[in-house]
Amino acid sequence: MATTGYSVVDQKVLHLLGSQTLQETSGWTRSILYMFLLSLSSSLWVGLLSLVSQAPLRHWNNLFSARKTAAFSTAVFMTLTYSLVLIAMNFTSHIGYIVALRQLSIPIGVLMGVILLKEGFQSVKAVGLLTLLGGIALVFWPLLSIK
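Count along the sequence shown starting at 1, add 205, and that's the number in my numbering.
The structure is reproduced here in structure tokens:
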């Protein structure tokens, strides 16, 4: 529900940017600008919270200094992949399709965990995975039945 909620908000913001503020710019440009503003806003909130309490700042410094490459790579790839989601929102009016496609990352992550990290594949994980795949199939079923 959270993914759907913020996806709907993102689509509304991109629509407002395209219809009221930045009509002259392309959809991908509006999406990149919006991603920049999201990143800036997040950074400002983390900065403000760090000023209030030094404990999160010390924790952040320790974590970042120990894993600079992983932290930087994660930030870059998260920003790029979410930018692709925002750009995709310009090409469909059915936000449900984008939300469903985003959820495909979960089965891919499960399979990578089982294969690459040798995680167990218990029945609970299998039931959750099948339920998720069933939900994705239900979203796309109308598209498959179009002739």
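Note that the Cβ used here is the ideal one computed from N, Cα and C, for glycine as well.
This one's a predicted model, so the numbers in the text were calculated from it and none came from an experiment.
Give me the Cβ distance between residue i and residue j, rounded to the nearest whole Å; I'm assuming they're in contact under 8 angstroms.
i    : j    : result
L256 : R235 : So it is not a contact: roughly 32 angstroms between Cβ atoms.
G382 : E324 : Past the boundaries of the shown model lies residue 382; the chain is included only from 206 to 352, so the question cannot be answered.
If you follow the alpha helix (DSSP H) that residue i is part of, which residue opens it and which one closes it?
i    : result
L335 : 328-349
S310 : 310-321
Q225 : First-last for Q225: undefined, no H or E at that position.
T284 : 273-293
G252 : 232-257
G325 : Segment: none, G325 is in no alpha helix (DSSP H) and carries neither H nor E.
H299 : Where H299 is concerned, there is no enclosing alpha helix (DSSP H), given that its DSSP letter is neither H nor E.
Quick check on residue i: buried or exposed, where buried means 16 or more other Cβ atoms within 10 Å of its Cβ?
i    : result
L291 : buried
I303 : buried
L219 : buried
M206 : exposed
A271 : exposed
M283 : exposed
A305 : buried
Work out the CA separation of residue j and residue i for me, nearest whole Å.
i    : j    : result
K217 : Y211 : 10 angstroms
M240 : S288 : 6 angstroms
L335 : F296 : 29 angstroms
L243 : F326 : 36 angstroms
Q225 : G232 : 13 angstroms
G301 : V344 : 7 angstroms
K330 : A342 : 18 angstroms
S246 : L322 : 35 angstroms
S258 : P347 : 51 angstroms
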